[in-house]
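Here is the structure we will look at.
2 protein chains.
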Amino acid sequence: MSRGWETIRADVLRRIQAREWGPGATIPTEEALSREFGCARATVSRALRDLAAAGVLERRRKAGTRVALAPVRRATLDIPLIRQEVERRGQSYSYRLLRDAVEVPPLPVSLHLRLPPQVPLRRLICLHFAGDQPFIHEDRWLNPAVIGGLRPDFAGQSANAWLVANVPFASGDITFCAEAATAADAAALSVPVGTPLFVVDRTTWTAQAAITRVRLAYAPGYRMHTTL
Amino acid sequence: MSRGWETIRADVLRRIQAREWGPGATIPTEEALSREFGCARATVSRALRDLAAAGVLERRRKAGTRVALAPVRRATLDIPLIRQEVERRGQSYSYRLLRDAVEVPPLPVSLHLRLPPQVPLRRLICLHFAGDQPFIHEDRWLNPAVIGGLRPDFAGQSANAWLVANVPFASGDITFCAEAATAADAAALSVPVGTPLFVVDRTTWTAQAAITRVRLAYAPGYRMHTTL
DNA sequence: GAGTGGTCTAGACCACCAA
DNA sequence: TGGTGGTCTAGACCACTCC
Numbered sequence: 003m004s005r006g007w008e009t010i011r012a013d014v015l016r017r018i019q020a021r022e023w024g025p026g027a028t029i030p031t032e033e034a035l036s037r038e039f040g041c042a043r044a045t046v047s048r049a050l051r052d053l054a055a056a057g058v059l060e061r062r063r064k065a066g067t068r069v070a071l072a073p074v075r076r077a078t079l080d081i082p083l084i085r086q087e088v089e090r091r092g093q094s095y096s097y098r099l100l101r102d103a104v105e106v107p108p109l110p111v112s113l114h115l116r117l118p119p120q121v122p123l124r125r126l127i128c129l130h131f132a133g134d135q136p137f138i139h140e141d142r143w144l145n146p147a148v149i150g151g152l153r154p155d156f157a158g159q160s161a162n163a164w165l166v167a168n169v170p171f172a173s174g175d176i177t178f179c180a181e182a183a184t185a186a187d188a189a190a191l192s193v194p195v196g197t198p199l200f201v202v203d204r205t206t207w208t209a210q211a212a213i214t215r216v217r218l219a220y221a222p223g224y225r226m227h228t229t230l
Numbered sequence: 003m004s005r006g007w008e009t010i011r012a013d014v015l016r017r018i019q020a021r022e023w024g025p026g027a028t029i030p031t032e033e034a035l036s037r038e039f040g041c042a043r044a045t046v047s048r049a050l051r052d053l054a055a056a057g058v059l060e061r062r063r064k065a066g067t068r069v070a071l072a073p074v075r076r077a078t079l080d081i082p083l084i085r086q087e088v089e090r091r092g093q094s095y096s097y098r099l100l101r102d103a104v105e106v107p108p109l110p111v112s113l114h115l116r117l118p119p120q121v122p123l124r125r126l127i128c129l130h131f132a133g134d135q136p137f138i139h140e141d142r143w144l145n146p147a148v149i150g151g152l153r154p155d156f157a158g159q160s161a162n163a164w165l166v167a168n169v170p171f172a173s174g175d176i177t178f179c180a181e182a183a184t185a186a187d188a189a190a191l192s193v194p195v196g197t198p199l200f201v202v203d204r205t206t207w208t209a210q211a212a213i214t215r216v217r218l219a220y221a222p223g224y225r226m227h228t229t230l
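Respectively, the protein sequence lines represent chains A and B.
If you read the first sequence in the working numbering, its first letter stands for residue 3, the second for the next number, and so on.
If you read the second sequence in the working numbering, its first letter stands for residue 3, the second for the next number, and so on.
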């Protein structure tokens, strides 16, 4: 009846869903539950910690454990390398570098990277293919400081592949949105200007410095999927 | 020097990023690490479990713990109720039901819900407002079986709000994509037909039966954001 | 078969914070 | 300031799976 912390998690969740413990209600302490379930407190703690991580419970010392008022669903997104994403679909991956230059980025890019304006960055524009079809149009701003004296071959591998293998990042953010294809998107992806595209904007930093900001425009039909 | 499992996690991560343990390499066993760190094995286990959940490590009994070859980034998405999402922006939320009917859904909808074709479902179309601006155009197929004998007031509250409070779900999936505004989207959101819209498709099931499938078309400019 | 991670126990101390 | 969750320990048994 009490084999494993997952059983306890399931039972607590069942009581919450059965309104035995309503939204906002304080549930029994770990010690009380451990007595009820006939197990060690650590086992109850493990179960409740997991439910708290899932957003079902809110825990505070002294205040106790409460059923979350706002049931926020939490989904986890896997963000693989583009090569892996393509190959997982059974298609062959290839890559073409369209542009490699040093430019002063637009002000919003500098600000978001937390860099002073007018500081020139390396700009890499490239195209990822799934089979012979263009898959993603990538427009990247890269802080030359993170490359240092190295001379990565961005014609042979994507900047992202080189970065994950060589520059550990500490933090980052992502936004997802729908945008109309720009002229550059349209030319690269062979679609009419204005076509709705799924766009990902990703920015990453090391503990000290900005690394890169990249905009990925996916070819029409792309769907990002996950489970709840 | 060794206060807490988070310190151990940080140190292991540092060694991985420093290539002390390269991609694919097997790292020492929990027991060896616990001796090295001068702590209990459970403490090491906690740290390594966390890194495995983050996708940095891959763990298998007997085989040991390896540094992940494919560094998949894992991001967590919070999926709040629409009302909360609007109010968090400091805008007032309101809601209008546009259509409430019983119809036979298109075949793909039946299939995805794992229901037999031709089974009629309740169709609810509504509009969510942020302030006085249309925010989301919602098109929902709802399995009448989950409502049972209840008579929820879908004119006064959204179907999602009622479902979250009354029908615990067991599993679900979500897809995100960019779509051109349909005629219905365009009329509801006051945008031209063909405007790129961020679209979320969500389907949920109880342990036994399909609950609902919903398509949410966000007004232009919406950006879904998270941190890494 | 044997080595590894997964889990549980019984107890302990500590950090936090509402009362 | 006392109660609660957060963590750690030392040991144990088990489940899985590679060899």
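Ideal Cβ positions, reconstructed from N, Cα and C, are used throughout, including at glycine.
**Message:** Is there a Cβ of chain B sitting closer than 8 Å to that of residue 72 of chain A, yes or no?
**Reply:** Within the first sequence, numbered from 1, the residue matching residue 72 of chain A stands at position 70. Chain B contact via Cβ: present.
**Asked** How big is the Cα-Cα spacing for residue 58 of chain B and residue 192 of chain B?
**Response** Here residue 58 of chain B refers to the residue found at position 56 of the second sequence. Here residue 192 of chain B refers to the residue found at position 190 of the second sequence. Straight-line Cα distance between these residues: approximately 45 Å.
**Prompt:** Going along the chain, which residues of its own chain have a beta-carbon closer than 7 Å to the beta-carbon of residue 1 of chain B, five neighbours each way excluded?
**Reply:** Residue 1 of chain B lies beyond the stretch modelled for chain B, which goes from 3 to 230, so this question has no answer here.
**Request:** Would you mind sorting residue 22 of chain B into buried or exposed? The rule is 16 or more other CB atoms within 10 Å of its CB.
**Result:** Taking the first residue of the second sequence as position 1, residue 22 of chain B is located at position 20. Per the 10 Å Cβ criterion, exposed.
**Message:** Is there a Cβ of chain A sitting closer than 8 Å to that of residue 226 of chain B, yes or no?
**Reply:** If you number the second sequence from 1, residue 226 of chain B lands on position 224. Taking Cβ atoms only, chain A reaches closer than 8 Å to residue 226 of chain B, which makes this a yes.
**Message:** Strictly below 9 Å CB to CB, what residues from chain B border residue 86 of chain A?
**Reply:** Taking the first residue of the first sequence as position 1, residue 86 of chain A is located at position 84. Going along chain B in sequence order, the residues near residue 86 of chain A (Cβ under 9 Å) are 72 and 74.
**Prompt:** Secondary structure at residue 96 of chain B, three-state DSSP: helix, strand or coil?
**Reply:** By one-based count along the second sequence, residue 96 of chain B stands at place 94. Residue state, collapsed to three classes: strand.
**Request:** Leaving out five residues on either side along the sequence, give the residues of the same chain with a beta carbon under 6 Å from the beta carbon of residue 97 of chain B.
**Result:** Your numbering for residue 97 of chain B matches position 95 in the second sequence. Answer for residue 97 of chain B: 130 and 160, listed in chain order.
**Item:** Range of the contiguous beta strand (DSSP E) that encloses residue 175 of chain B
**Value:** Stepping through the second sequence from its first residue, residue 175 of chain B is reached at position 173. It spans 173 to 182 - the beta strand (DSSP E) in which residue 175 of chain B sits, taken as one unbroken run.
**Asked** Which term fits residue 113 of chain B, buried or exposed, when burial requires 16 or more other beta carbons within 10 angstroms of its beta carbon?
**Response** Working through the second sequence from its first residue, we reach residue 113 of chain B at position 111. The residue is exposed, with fewer than 16 neighbouring Cβ atoms inside 10 Å.
**Asked** Is the segment 44 to 53 of chain A close to the segment 72 to 82 of chain A, with three or more CB pairs under 8 Å?
**Response** no
**Asked** Who are the near neighbours of residue 168 of chain A in its chain, counting only those whose CB is closer than 8 Å to its CB and skipping five residues on each side?
**Response** As a working mapping, residue 168 of chain A is identified with position 166 in the first sequence. So the list reads 152 and 154, once near-sequence residues are dropped.
**Message:** Tell me whether the segment 215 to 223 of chain B and the segment 137 to 147 of chain B touch, counting them as touching only if at least three CB pairs, one residue from each stretch, are closer than 8 Å.
**Reply:** yes
**Message:** Quick check: the Cα distance between residue 79 of chain A and residue 122 of chain A, rounded to an integer number of angstroms?
**Reply:** The count along the first sequence starts at 1 and reaches residue 79 of chain A at position 77. The count along the first sequence starts at 1 and reaches residue 122 of chain A at position 120. Rounded to the nearest angstrom, the two C-alpha atoms are 33 Å apart.
**Message:** I'd like to know if residue 19 of chain B contacts chain A, where contact means its C-beta is closer than 8 Å to some C-beta of that chain.
**Reply:** Residue numbering aside, residue 19 of chain B sits at position 17 when the second sequence is read from its first letter. Output row for residue 19 of chain B: interface = yes.
**Prompt:** Taking the alpha-carbon positions, what's the residue 150 of chain A to residue 143 of chain A distance?
**Reply:** Your numbering for residue 150 of chain A matches position 148 in the first sequence. Your numbering for residue 143 of chain A matches position 141 in the first sequence. Going by the C-alpha atoms only, they are around 15 Å apart.
**Prompt:** Among A:145, A:187 and A:180, which residue has its Cα nearest to the Cα of residue 128 of chain A?
**Reply:** By 1-based counting over the first sequence, the position of residue 128 of chain A is 126. Ranking A:145, A:187 and A:180 by Cα distance to residue 128 of chain A puts A:187 first.
**Request:** Determine whether the Cβ of residue 173 of chain B lies closer than 8 Å to any Cβ atom of chain A.
**Result:** Within the second sequence, the letter at position 171 stands for residue 173 of chain B. Output row for residue 173 of chain B: interface = yes.
**Request:** Say whether chain A places a C-beta atom closer than 8 Å to the C-beta of residue 3 of chain B.
**Result:** As a first step, residue 3 of chain B is located in the second sequence; it is residue number 1 there, counting from the start. Unreliable positioning characterises residue 3 of chain B in this predicted model, as indicated by a pLDDT of 41, which lies under 50. A coordinate reading is not provided.
**Prompt:** Along the chain, where does the beta strand (DSSP E) that runs through residue 77 of chain B open and close?
**Reply:** Numbered from 1 along the second sequence, position 75 holds the residue referred to as residue 77 of chain B. Unbroken beta strand (DSSP E) run through residue 77 of chain B: 75 to 81.
**Item:** Minimum C-alpha distance to residue 165 of chain B - residue among B:194, B:108, B:196 and B:215
**Value:** On the second sequence, position 163 is the one that residue 165 of chain B refers to. Here the closest residue by C-alpha is B:215.
**Asked** Does any C-beta atom of chain A lie closer than 8 Å to the C-beta of residue 166 of chain B?
**Response** Taking the first residue of the second sequence as 1, we reach residue 166 of chain B at position 164. So yes, residue 166 of chain B belongs to the interface.
**Request:** Go ahead and label residue 116 of chain A buried or exposed: buried means 16 or more other beta carbons lie within 10 angstroms of its beta carbon, across all protein chains shown.
**Result:** Position 114 of the first sequence, counted from the first residue, corresponds to residue 116 of chain A. Exposed: under 16 other Cβ atoms inside 10 Å.
**Request:** Run down chain A in chain order and give the residues with a C-beta less than 7 Å from the C-beta of residue 177 of chain B.
**Result:** Counting from 1 along the second sequence, the entry for residue 177 of chain B is found at position 175. Residues of chain A passing the Cβ test: 225, 226 and 227.
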